[in-house]
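In our numbering, the protein residues as written are 1 to 224.
The C-beta atom is built at its ideal place from N, Cα and C for all residues, glycine as well.
Here the structure is a predicted model, which means the values were calculated and not measured.
Reviewing the structure listed below.
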Amino acid sequence: MGHPLVDLAKPRMSKKESCRRFDLDPYKPIIGLLPGSREHEINKLLPIMLRTARLLREKLDGIQFLLPVAASVFKNKIIRMIEESEVPVKITEDSVYEVMNISRLLITASGTATLEAACLNTPMIIVYKANFSTYLLGKILLRLPYVGLPNILANKKIVPELLQFKATANRISDVALKLLTDSRKLEKMKVDLRKVAQRLGKPGAIDRAARVVVEAATCKRGEP
């Protein structure tokens, strides 16, 4: 049947158009920050991402940061947190796929966004912090070596995961810097992400699913 994200995870604009809209320089590195859509994720992860951005600005000239706001209800909160950090991060609403498409690297919360990024072949670092009891319970119940969907599907670590006490600005910035200054590592990650995306199936999953539903309903109506 395939996965619907193959059809849904598509930008509405070209990279050139997106950079023009967001007033970004396409020739300098763009980093997408995706702290998650839930308030507790924003509270835990955005401050870490902003500190990471500050460290990266000290080491990479011209680096740019863009954050897509997933839920407008938290927009003012996010703006306030960015202003207090004094780190120049641009925000945009309803443009997550455009942000993923133009980013050289994403720093993203674990979740569906990682699979969407895989569909767009965008390298990423997965970060997450949960209450220790929640994290421990999840590890016990799931018994998976990874939490990132691309790594789970690949059955190996193809993108870095920095979780719990490892999710610090210093560690994230170190990993990001190694990737941003080594094009071979980024290209290898893109190759691996492309393979993950291929495992999700061919485009048209939504149409195929709709046809199955219609055919099933038609057959049922035709029963005596």
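Reducing DSSP to helix, strand and coil, say where residue i ends up.
{"i": "residue 88", "result": "coil"}
{"i": "residue 124", "result": "strand"}
{"i": "residue 163", "result": "strand"}
{"i": "residue 112", "result": "helix"}
{"i": "residue 178", "result": "helix"}
{"i": "residue 12", "result": "coil"}
{"i": "residue 169", "result": "helix"}
{"i": "residue 56", "result": "helix"}
{"i": "residue 150", "result": "helix"}
{"i": "residue 200", "result": "coil"}
{"i": "residue 38", "result": "coil"}
{"i": "residue 20", "result": "helix"}
Could you compute how far the alpha carbon of residue i sits from the alpha carbon of residue j?
{"i": "residue 120", "j": "residue 93", "result": "19 Å"}
{"i": "residue 87", "j": "residue 126", "result": "21 Å"}
{"i": "residue 157", "j": "residue 23", "result": "34 Å"}
{"i": "residue 276", "j": "residue 57", "result": "Limits of the chain in this structure are 1 at one end and 224 at the other, which puts residue 276 out of reach."}
{"i": "residue 195", "j": "residue 82", "result": "35 Å"}
{"i": "residue 160", "j": "residue 21", "result": "30 Å"}
{"i": "residue 7", "j": "residue 116", "result": "10 Å"}
{"i": "residue 192", "j": "residue 177", "result": "20 Å"}
{"i": "residue 33", "j": "residue 67", "result": "5 Å"}
{"i": "residue 48", "j": "residue 198", "result": "32 Å"}
{"i": "residue 38", "j": "residue 76", "result": "14 Å"}
{"i": "residue 28", "j": "residue 63", "result": "6 Å"}
{"i": "residue 225", "j": "residue 84", "result": "Limits of the chain in this structure are 1 at one end and 224 at the other, which puts residue 225 out of reach."}
{"i": "residue 61", "j": "residue 30", "result": "11 Å"}
{"i": "residue 100", "j": "residue 185", "result": "18 Å"}
{"i": "residue 214", "j": "residue 148", "result": "Residue confidence is low: residue 214 scores 39 on pLDDT, short of 50, so the model does not pin down where it sits. No coordinate-derived value is stated."}
{"i": "residue 26", "j": "residue 163", "result": "31 Å"}
{"i": "residue 190", "j": "residue 12", "result": "21 Å"}
{"i": "residue 91", "j": "residue 154", "result": "31 Å"}
{"i": "residue 43", "j": "residue 165", "result": "16 Å"}
{"i": "residue 112", "j": "residue 50", "result": "22 Å"}
{"i": "residue 128", "j": "residue 45", "result": "7 Å"}
Quickly, what does DSSP pair residue i with across the bridge? List them, please.
{"i": "residue 32", "result": "66, 106"}
{"i": "residue 158", "result": "DSSP, once it has assigned bridges, lists no residue as partnering residue 158."}
{"i": "residue 93", "result": "69"}
Could you name the residues of the same chain whose beta carbon sits closer than 7 Å to that of residue i, not counting the 5 residues immediately before and after it, in chain order?
{"i": "residue 72", "result": "93"}
{"i": "residue 80", "result": "none"}
Can you list, in chain order, the residues of its chain with a C-beta nearer than 8 Å to that of residue i? Leave out the 5 residues immediately preceding and following it.
{"i": "residue 144", "result": "152"}
{"i": "residue 55", "result": "169, 170, 173"}
Counting only the same chain and skipping the five closest in sequence on each side, list residues whose C-beta sits under 6 Å from that of residue i.
{"i": "residue 124", "result": "106, 108, 117, 159"}
{"i": "residue 52", "result": "169, 172, 173"}
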